[in-house]
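Accompanying notes for the structure given below.
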Amino acid sequence: MVEYHQHAEYWLRIFVVGDSPQAYKAIRNLHWLCNEYLCEQAYHIEVIDLCCEPEKGDSEKIVATPTLIREAPRPPLRVIGDLANAERVAELLLQHSGCEED
């Protein structure tokens with residue numbers, strides 16, 4: 015499940031395990047957060063199922079799931095959990111992005 019927008023401002027990768035309720039909740043929360051908080055910026059979300067692609071988890075040193083990695087804008091950022099605390103996750107995603115709320 016990948017959503018792609020040309021010239022994405024935000025590059026996000028979310029690592030999950032299988033088709034679990036926790037994975038579904040984290041993915042749903044991430045899509046909601048992006049639509050709600052990213053200042054109508056374009057974004058790219060890559061969902062990585064570690065059951066299907068365990069080597070990606072190894073290369074990124076994923077120790078818990080779900081894990082969200084913001085690749086861009088820099089610096090990279092990691093958030094572990096189901097992303098249910100929307101306000102806090104949005105605050106973290108917006109750090110150093112040029113899109114901080116006033």
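Just so you know, we're using this note's numbering here: the sequence shown kicks off at 15 and counts up by one. Cβ atoms here follow ideal geometry from the backbone N, Cα and C, with glycine treated the same way. As the structure is a prediction and not an experimental result, all values here were calculated from the model.
What is the rounded straight-line gap between the Cα of W46 and the Cα of A56? 14 Å
Enumerate in chain order the residues of its own chain whose CB-to-CB distance from A37 is below 7 Å, with the five nearest sequence positions on each side excluded. V30, V31 and P80
Report the residue ranges of all alpha helix (DSSP H) runs contained in full by the segment 50-103; include only those spanning at least 4 residues, in chain order. 68-73
Could you tell me the distance, in whole angstroms, from the CA atom of A40 to the CA atom of L97? 6 Å
Distance check for R42 and P35, CA to CA, integer angstroms please. 10 Å
Run the CB neighbour count on C48, radius 10 Å, all protein chains shown included, and call it buried at 16 or more, exposed below. buried
Do L64 and I83 have their C-beta atoms within less than 8 Å of each other? no
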